[in-house]
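So the structure is just underneath, and the comments pick up after that.
Number of protein chains: 2
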Amino acid sequence: MDHILGEVIIIRALEQRILAEGQILPGEVLKVGSFLNQQIDTVLLKEIGGEIARLFSCNNVTKVLTIEASGIAIACAAGIAMGVPVVFAKKHSTSNLSGDVLSTEVFSYTHQQTYKVVVPSDYISSEDTVLIVDDFLAKGNALKGLIEIVEKAGAGLAGCAIAIEKGFQGGGDSLRAKGIRVESLAIIDKMTDDSLEFRPQSV
Amino acid sequence: MDHILGEVIIIRALEQRILAEGQILPGEVLKVGSFLNQQIDTVLLKEIGGEIARLFSCNNVTKVLTIEASGIAIACAAGIAMGVPVVFAKKHSTSNLSGDVLSTEVFSYTHQQTYKVVVPSDYISSEDTVLIVDDFLAKGNALKGLIEIVEKAGAGLAGCAIAIEKGFQGGGDSLRAKGIRVESLAIIDKMTDDSLEFRPQSV
């Protein structure tokens with residue numbers, strides 16, 4: 006009973022926080038900079054990490070994979086809770102990068118540009134079971150890029166764990182339809198200029 | 006005795022890891038991507054966060070401030086250990102950013118360019134005592150920018166906590182000479198193409 010109660014509490018805590026502090030901006034943007042994105046409530050962050058670890062506890066996850074920059078916090082909280090390393094994909098190659106890489110291209114609707122997503126091939130191998138973690142899921146382009154990187158590495162995919170899914174943008178359900186396990190702690194099914202509606206979740 | 010022993014262990018663990026896995030690249034670059042930078046050993050990360058919390062436990066820190074992207078992991082580990090929010094400065098304004106901001110300019114030697122560092126002014130106030138956290142300290146330009154942001158906010162500065170300081174590049178000692186408390190878990194005083202020398206640290 007205890008962990009079911011824990012799950013209800015973290016989902017409700019996140020939903021309440023989105024309602025209280027989320028800002029709806031033009032272009033279907035939900036800004037949660039005050040507690041998750043640019044300022045991070047570390048008490049909530051630790052809870053989110055613990056909940057992700059619980060959801061995927063039976064999957065023998067060996068690596069958490071995310072994409073810079075705003076996914077790093079939640080991925081690290083999940084990695085700490087699971088005791089496994091976190092790898093983050095960089096959005097372009099830097100002067101610190103050398104050697105073989107796994108890479109793909111992702112189109113960002115927020116920034117209206119295509120960028121290269123890169124992970125050194127040393128960091129994910131065919132022996133890994135990877136959990137992809139991100140803060141937001143909208144159309145799913147970033148997740149699809151990360152899934153492609155996991156496939157290129159020949160690694161197993163445990164699934165995707167997300168803090169906030171904008172369900173009305175369809176990315177999550179399209180991945181679920183392909184048989185990929187996608188767990189989002191809060192799913193927004195409707196968003197207008199001044200209201201939000203969450204998808205009821207069974208626990 | 007216990008926490009002193011803990012400090013020795015974490016400093017030694019980090020130094021040993023740098024010696025075993027760090028790669029020295031041209032331009033005085035030390036790459037620690039395999040355990041701290043792009044792939045993150047979350048067991049080590051949690052220890053680093055706990056050690057930073059211990060070092061600044063008497064300072065009534067209310068906020069941890071870092072800069073995207075590679076500082077986020079260590080800042081979150083420290084913020085979780087201290088139970089205080091983490092704020093990260095962004096390297097350029099994005100379409101998700103609105104309202105009043107605290108900003109400054111920083112020159113990056115790694116990327117040979119000047120970028121704008123931005124924090125929404127809501128996230129740091131004159132009532133805050135800020136601990137600045139970053140993964141690396143070299144010439145200190147990023148830290149100086151973050152210190153300027155803390156000053157612009159009228160907040161107090163507890164100091165700076167760093168995982169790896171390249172002592173031979175002088176940034177840390179120049180800040181210490183100004184009376185700013187800078188704690189680095191590992192300080193490299195000499196770096197050649199194939200060797201590293203750490204500064205002995207009293208515990």
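Residue numbers (this note's numbering), protein chains in the order written: chain A, 6 to 208; chain B, 6 to 208. Glycine included, every Cβ here is placed at the ideal spot set by N, Cα and C.
For the options A:Asp178, A:Lys171, A:Leu180, the alpha carbon positioned closest to that of Lys195 (chain A) is the one of A:Lys171.
By the CB criterion at 9 Å, Gly150 (chain B) and Val111 (chain B) fall inside the cutoff. Using a Cβ-Cβ distance cut-off of 8 Å, the region 22-29 of chain A and the region 137-153 of chain A are not in contact, since fewer than three pairs of beta carbons, one from each stretch, lie closer than that value. By the rule that beta-carbons nearer than 9 Å mark a contact, Tyr128 (chain A) touches chain B. Between Val124 (chain B) and Ala163 (chain B), the C-beta spacing is not below 9 Å.
Scanning chain B for C-beta atoms nearer than 7 Å to the C-beta of Glu73 (chain A) yields Ala74, reported in chain order. If you draw a 10 Å sphere on the C-beta of Cys63 (chain B), you find fewer than 16 other C-beta atoms in it, and that means exposed.
Cα atoms of Ile77 (chain B) and Val91 (chain B): separation of roughly 8 Å, rounded to the nearest angstrom. Residues of chain A with a Cβ closer than 7 Å to the Cβ of Gln21 (chain B) do not exist; the shortest Cβ-Cβ separation is about 17 Å. Contact with chain B is absent for Thr67 (chain A), since none of that chain's Cβ atoms lies less than 9 Å from the residue's Cβ. Residue-level contact check: Cys81 (chain B) touches chain A, since one or more beta carbons of chain A fall below 9 Å from its beta carbon. According to the DSSP secondary-structure assignment, Leu201 (chain B) is paired through a beta bridge with B:Met196. In terms of beta-carbon proximity, Ile77 (chain A) lines the interface with chain B, with at least one pair separated by less than 9 Å. Ala143 (chain A) and Arg181 (chain A) have their C-alpha atoms spaced approximately 13 Å apart. Shown in chain order are the members of the region 48-66 of chain B whose Cβ falls below 9 Å from a Cβ of chain A: Val48, Leu50, Lys51, Gly54. Within chain A, no C-beta atom comes less than 7 Å from the C-beta of Ile29 (chain B); the nearest is roughly 12 Å away. The beta carbon of Asn65 (chain A) is closer than 7 Å to those of Thr134 in its chain, skipping five residues each way along the sequence. For chain B, none of the residues of the region 162-179 of chain A brings a beta carbon within less than 9 Å of one of its beta carbons. Here Asn146 (chain B) has Val111, Phe112 as same chain residues with Cβ atoms under 6 Å from its own Cβ, once five neighbours each way along the sequence are excluded. At a cut-off of 9 Å, the C-beta of Gln118 (chain A) has no neighbouring C-beta in chain B. In the three-state reduction of the DSSP assignment, Lys157 (chain B) falls in the helix class. According to the DSSP assignment, Lys51 (chain B) belongs to the alpha helix (DSSP H) that extends over 47-60. Lys95 (chain B) reaches chain A at Gln43, Ala74, counting residues in chain order whose Cβ is nearer than 9 Å. Think of a sphere of 9 Å around the beta carbon of Gly184 (chain B): no beta carbon from chain A falls inside it, the nearest being about 28 Å out. For the C-beta of Gly150 (chain B), not a single chain A residue is nearer than 7 Å; the gap to the nearest is close to 16 Å. The region 48-63 of chain B makes no contact with the region 31-38 of chain B, as fewer than three CB pairs between them are under 8 Å. Contacts with chain B (Cβ-Cβ distance below 8 Å) from the region 131-158 of chain A involve no residue at all. In this structure, Phe61 (chain A) keeps its C-beta atom at 9 Å or more from the C-beta atom of Ala158 (chain A).
Ile14 (chain B) has a beta carbon lying at 9 Å or more from every beta carbon in chain A. Excluding the 5 residues flanking it on each side, Ile129 (chain A) has same chain C-beta neighbours closer than 8 Å at Lys68, Leu70, Val92, Leu107, Val135, Ile154, Val155, Ala158, Ala160, in chain order. In the DSSP assignment, Ala78 (chain A) falls within the unbroken alpha helix (DSSP H) covering 77-87. With at least 16 other beta carbons inside 10 angstroms of its own, Thr47 (chain B) counts as buried. For Val92 (chain A), the neighbours in chain B by C-beta distance under 7 Å run, in chain order, Gln43, Gln44. Counting along the chain, Ser179 (chain B) sits inside the alpha helix (DSSP H) bounded by residues 176-182. At a cut-off of 9 Å between beta carbons, Val122 (chain A) makes no contact with chain B. Lys95 (chain B) is classed as buried because its beta carbon has at least 16 other beta carbons within 10 Å across all chains shown.
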